[in-house]
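K.L.:
Supplied in structure tokens, the structure appears directly below.
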Amino acid sequence: MSLTDLASLLSDGDVVVVSGAGLSTDSGLPDYRGSGGSEKPSVDYDMFVGLDMWQRWVWQRNQESWKALDTLPPTTGHRILADWERRGIVTGTATQNIDGMHFKAGSKKVAEMHGSFTRVTCIDCNQVTPRSELDPRLRELNPLTVDDPNPANAAILAEADRASAEKSTFVPAPCANCGGILKPDIVFFGEGVQAIDQAFDYAREAKTILVLGSSLLVMTGMWVVTQGLSSGANLAIINRGPTQADRYADIRIDADISESLKALDGLLKS
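Encoded structure:
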């Protein structure tokens, strides 16, 4: 099956996108960003809430690297998907990414299943605030902290490096509302998945599920695919390398994401 076949399928509308890290690589992010590009375990939720040293370490790594992600522009692929949403082709996006690129590009109907680095949440009162609002407070408390400009080093989930955590003298800021513990609004291991009901609602109404840049090894994406299939949707996949759902796909394309989306956009406009 070709891009022409896929364009024909997408032209019917009611497309729900399931996006993964492969959609964001053109912006300068590596495919694997779980703990700053490392394969070592990351700080999990119980560790974070259980010991002050892990809170210090998580916030130190977050403060050092969040700006590098914040300044990245959305890719061509993100912009095309936002345009498809405006044109009524895409009715919703369920993303495994925490980079906020879909919203930067202008998409509105996005379920961020793993949360977003652009927000901060209080684990005591549940207040959610923009990450940018916390930045000046952390800089005042930690004037010697130096930004790392390389997005490949971004500590989305801080590596569980006990020696470094024990040495950290970083001072986290308390919640401005209740004085409680603030946490990056990213799903830690051991936490419940965010926005999954919203993603399922999108999938139940879809004519086509379009997987972009995900192997679907992280099960949240596969859950959305399964929900769509059980509701009668077609399945199309564009990804470099195999995915967990290849055997279910009506159309399977192994190719660059942004280049494929540009070609599809041209076909849909012709």
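Counting the sequence shown from 1 gives a position; my numbering is that position plus 40.
For every residue, glycine included, the Cβ atom is placed at its ideal position computed from N, Cα and C.
Considering only the alpha carbon of each residue, which of L43, N137 and V98 lies closest to V233?
P.N.:
If you number the sequence shown from 1, residue 233 lands on position 193. Cα-wise, what sits closest to V233 is N137.
K.L.:
Going by beta-carbon coordinates alone, are L257 and Q284 separated by less than 9 Å?
P.N.:
Counting from 1 along the sequence shown, the entry for residue 257 is found at position 217. Counting from 1 along the sequence shown, the entry for residue 284 is found at position 244. Taking 9 Å as the Cβ cut-off, L257 and Q284 qualify as a contacting pair.
K.L.:
Taking its Cβ as the centre, do 16 or more other Cβ atoms sit within 10 Å of E104, making it buried, or is it exposed?
P.N.:
Here residue 104 refers to the residue found at position 64 when the sequence shown is read from its first residue. Buried is the call here.
K.L.:
What is the residue span of the alpha helix (DSSP H) that S204 lies within?
P.N.:
Counting from 1 along the sequence shown, the entry for residue 204 is found at position 164. R202 to K207 is the span of the alpha helix (DSSP H), which, as asked, contains S204.
K.L.:
Touch check for the region 155-165 and the region 223-243: three-plus C-beta pairs under 8 Å?
P.N.:
Touching, yes.
K.L.:
What first and last residue would you give for the alpha helix (DSSP H) that runs through A108?
P.N.:
Counted from its first residue, the sequence shown places residue 108 at position 68. First-last of the alpha helix (DSSP H) with A108: D92 to D110.
K.L.:
Tell me the DSSP bridge mates of C162?
P.N.:
Against the sequence shown, residue 162 aligns to sequence position 122. In the DSSP output, where bridge partners are listed per residue, C162 has L222.
K.L.:
Note down the Cα distance separating R127 from L49, rounded to an integer number of angstroms.
P.N.:
Counting from 1 along the sequence shown, the entry for residue 127 is found at position 87. Counting from 1 along the sequence shown, the entry for residue 49 is found at position 9. Going from the Cα of R127 to the Cα of L49 covers about 15 Å.
K.L.:
Specify the secondary structure class of R244 as computed by DSSP and reduced to three states.
P.N.:
Within the sequence shown, numbered from 1, the residue matching residue 244 stands at position 204. R244: helix per DSSP, three-state reduction.
K.L.:
For the region 176-195 and the region 106-113, state whether three or more C-beta atom pairs, one from each stretch, are separated by less than 8 Å.
P.N.:
Touching, yes.
K.L.:
Can you grab the Cα-Cα spacing for the pair A200 / K207, in whole Å?
P.N.:
Here residue 200 refers to the residue found at position 160 when the sequence shown is read from its first residue. Here residue 207 refers to the residue found at position 167 when the sequence shown is read from its first residue. Spanning the two alpha carbons is a distance of roughly 13 Å.
K.L.:
Whose C-beta lies closer than 8 Å to the C-beta of R96 among residues of the same chain, with five residues either side of it excluded?
P.N.:
Here residue 96 corresponds to residue number 56 of the sequence shown, with the count starting at 1. Only A205, S208, T209, F210, V211 and P212 meet the Cβ criterion.
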